[in-house]
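Notes follow once the structure below has been shown.
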Amino acid sequence: MEAGEAAGAVLFLLAAAVSLLAAVSTGALDFTYLVTVVGEGSSTSPGSGGGAWWREAWVGARSRAVAPALQVGVWACMLMSVMLVVEATYNSAVSVAARLVGWRPERRFKWEPLGGGAGAGDEEKGEAAAAAAYPMVMVQIPMYNELEVYKLSIGAVCGLKWPKERLIIQVLDDSTDAFIKYATRSGRKGFKAGALKKGMEWDYAKQCEYVAIFDADFQPEPDFLLRTVPFLMHNQNVALVQARWVFVNDRVSLLTRIQKTFLDYHFKAEQEAGSATFAFFSFNGTAGVWRTEAINDAGGWKDRTTVEDMDLAVRATLKGWKFIYLGDLRVKSELPSTYKAYCRQQFRWSCGGANLFRKMIWDVLVAKLFLPIWGVAYIPTALLIVTAIRNPENLHTVPLWILFESVMSMHRLRAAVAGLLQLQEFNQWIVTKKVGNNAFDENNETPLLQKSRKRVNLPEIGLSVFLIFCASYNLVFHGKNSFYINLYLQGLAFFLLGLNCVCLFAEFLRTWLHHEKSSKNTPKLSIIKEIFQEHSKIVNHQTPFALGCQEQQQPS
416 MEAGEAAGAV LFLLAAAVSL LAAVSTGALD FTYLVTVVGE GSSTSPGSGG GAWWREAWVG
476 ARSRAVAPAL QVGVWACMLM SVMLVVEATY NSAVSVAARL VGWRPERRFK WEPLGGGAGA
536 GDEEKGEAAA AAAYPMVMVQ IPMYNELEVY KLSIGAVCGL KWPKERLIIQ VLDDSTDAFI
596 KYATRSGRKG FKAGALKKGM EWDYAKQCEY VAIFDADFQP EPDFLLRTVP FLMHNQNVAL
656 VQARWVFVND RVSLLTRIQK TFLDYHFKAE QEAGSATFAF FSFNGTAGVW RTEAINDAGG
716 WKDRTTVEDM DLAVRATLKG WKFIYLGDLR VKSELPSTYK AYCRQQFRWS CGGANLFRKM
776 IWDVLVAKLF LPIWGVAYIP TALLIVTAIR NPENLHTVPL WILFESVMSM HRLRAAVAGL
836 LQLQEFNQWI VTKKVGNNAF DENNETPLLQ KSRKRVNLPE IGLSVFLIFC ASYNLVFHGK
896 NSFYINLYLQ GLAFFLLGLN CVCLFAEFLR TWLHHEKSSK NTPKLSIIKE IFQEHSKIVN
956 HQTPFALGCQ EQQQPS
């Protein structure tokens, strides 16, 4: 075990032990409650008069079966929630500490610049010897029906600073460029993993030492390979160099701002902490460079799940390979701009991860058994702070992010259950809808997407009704603790997203802020009047900020 991994494990155990001790000492966790409930239930006897036998039977069944089962469920939820808080706290603390001390991957891993600079000048002068110092690299661009954005990635990859005779660009779709080799398949078996696996079977692919992967909407900078490949060349135990994602449409709508908050935490905290402690962190599926030897050693690409990137990363880690994350190397990409597209993306990620857990849990436990017994009371405030600590510019959206994530938890839970139980949709691959850079031009007056006849999301509406009912019940029949305010807010969030209202609120907020800045002395009533005058443009999709509700119908 590496020193960083050992230190992380010790810190994790100490935090868990302190949390458990605090919870037990304050009475937040009472392990005698289950025994007490069962004991009380056993003393209940059916009555004989007044026709209340059904009530006493229900009380007996509730105390003997329902209450213990619910209490076990509460303990399980508390345990998972506390695990999430402890993990998030640890990742945030490590990432902040790494920034404060100025830690960089070059301190642990050897890195030397390649001679000859960009390689383009050497090629023009015919200096074959200089080009020979560069290893063979293949760039794979898997895509499927992404005509809006495919030119972005191909154009950016063609501009990489690397000798052309040492670079192969493989478009796993259709292409007619002179020096681009493309591979097509008769079917889509295995989806993205199947395409990557097929691409590695070509003879020219076997000659490449390293493989860079970019999705169709990713645009690497020209020096991407110059900054990543040297890590692989000089460190034979490194299998992957992962770059950070940045987004071209993160300020387009409230939906994309919320996604940026979530992904910024993932890259700035989770990925950075894993790299700084030399522990495991997952491959993000794109914007990374793999060592071909490591891919083959781990068993190659497998199409058994829809998270082929995490699958390969786990198997490579179990084989002893190391990963490097470069937080200062950024690759532009595009966030899903509609609520439906985001739900599909999150379903694929959550369902695939759960299904991969089912298939690899035994391999992970056999390789390294780490099952500490700990628990503590749920602390949502701590999770809020550690999530937003690396994204201070969006602190004003954090309350909305919390409500939005509550809605998304329904989709992720459904996806996780589908992955664990291998339901009908567990292995579905639906490409996340993208619209391309040109769609975000504020002068564009053309509707970005066709309107759909679907006006509401029934699951969100149904759960909103249930939450509002629970909040009303708690308001009328409240006990020692009341949660109706939180439940009402959650129900409102589900209801608004059920009606596809996320973009209306985002556009209202954007317009309000715009008028506040441009006309500071204008009365508030005039500002509100101007906002409502622009309402017709919002619902008719005449602004690029209405990306989140393409399915909303024009009002009568």
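Start counting the sequence shown at 416; every next residue gets the next number (my numbering).
In this text, a Cβ means the ideal position worked out from N, Cα and C, and glycines have one as well.
Supposed contact pair residue j and residue i - C-beta distance, whole angstroms, cut 8 Å
i           : j           : result
residue 682 : residue 732 : That belief does not hold up - the Cβ atoms of residue 682 and residue 732 are roughly 19 Å apart, past 8 Å.
residue 904 : residue 818 : 6 Å
residue 697 : residue 724 : 7 Å
residue 684 : residue 507 : 5 Å
residue 664 : residue 750 : 6 Å
residue 809 : residue 676 : 5 Å
residue 578 : residue 546 : 4 Å
residue 693 : residue 523 : 7 Å
Cβ shell of residue i (< 8 Å), same chain only, five flanking positions each side left out
i           : result
residue 887 : 899
residue 593 : Low local confidence applies: a pLDDT of 45 at residue 593 is under 50, so the model's placement there is unreliable, with the coordinate-based value given in what follows. Cβ within range, chain order: n/a, list empty.
residue 846 : 559, 560 and 561
residue 815 : 669 and 673
Same chain, Cβ closer than 7 Å to residue i, five either side skipped, listed in chain order
i           : result
residue 638 : 576
residue 879 : 906, 909, 910 and 913
residue 647 : 625, 653, 656, 704 and 706
residue 767 : 720, 721, 722 and 834
residue 571 : 634 and 635
C-alpha gap between residue i and residue j, whole angstroms
i           : j           : result
residue 913 : residue 496 : 26 Å
residue 957 : residue 672 : Here residue 957 scores only 40 on pLDDT, less than 50, and its place in the model should not be relied on; the value that follows carries that caveat. One C-alpha to the other measures close to 20 Å.
residue 583 : residue 553 : 5 Å
residue 752 : residue 916 : 14 Å
residue 785 : residue 726 : Unreliable placement is indicated for residue 785, whose pLDDT of 44 sits below 50; the coordinate value is still reported in the next sentence. Whole-angstrom Cα-Cα distance: 20 Å.
residue 835 : residue 485 : 21 Å
residue 510 : residue 687 : 6 Å
residue 875 : residue 678 : 23 Å
residue 528 : residue 650 : 14 Å
residue 715 : residue 722 : 14 Å
residue 555 : residue 774 : 27 Å
residue 700 : residue 490 : 35 Å
residue 474 : residue 891 : 22 Å
residue 469 : residue 483 : 20 Å
residue 460 : residue 472 : Summary for residue 460: the model assigns pLDDT 49, below 50, so the residue's position carries little reliability; its value from the coordinates is reported in the next sentence. Straight-line Cα distance between these residues: approximately 8 Å.
residue 797 : residue 634 : 35 Å
residue 690 : residue 871 : 42 Å
residue 881 : residue 481 : 20 Å
residue 713 : residue 728 : 9 Å
residue 883 : residue 873 : 15 Å
residue 708 : residue 734 : 12 Å
residue 804 : residue 666 : 19 Å
residue 505 : residue 515 : 15 Å
residue 841 : residue 521 : 40 Å
residue 585 : residue 557 : 8 Å
residue 807 : residue 502 : 20 Å
6 Å Cβ shell around residue i - same chain, five flanking residues per side excluded
i           : result
residue 802 : 680
residue 551 : 581, 622, 623 and 624
residue 769 : 831, 834 and 835
residue 826 : 758, 761 and 762
residue 574 : 637
residue 477 : none
residue 568 : 556, 629, 631 and 633
**Q.** Ordered list of beta strand (DSSP E) runs contained in the stretch 735-790, each at least 3 residues
**A.** Within the stretch 735-790, the complete beta strand (DSSP E) runs of at least 3 residues are 737-748.
At 3 residues or longer, what runs of the beta strand (DSSP E) sit wholly inside the stretch 630-707?
The stretch 630-707 is shown to contain whole beta strand (DSSP E) runs of 3 or more residues at 653-662 and 703-706, in chain order.
Are there three or more Cβ pairs, one per stretch, closer than 8 Å when the stretch 618-631 is compared with the stretch 555-565?
Verdict: yes, contact present.
Does the count of Cβ pairs from the stretch 638-656 and the stretch 610-622 closer than 8 Å reach three? Flag = no, the stretch 638-656 and the stretch 610-622 do not touch.
Item to complete: Could you tell me whether the stretch 738-751 touches the stretch 658-670, where touching means 3 or more Cβ pairs closer than 8 Å?
Response: Touching, yes, given that three or more Cβ pairs across the two stretches are closer than 8 Å.
Exercise for review: List in chain order: all unbroken beta strand (DSSP E) runs of 3+ residues lying wholly within the stretch 705-732.
Suggested key: The stretch 705-732 is shown to contain no whole beta strand (DSSP E) run of 3 or more residues.
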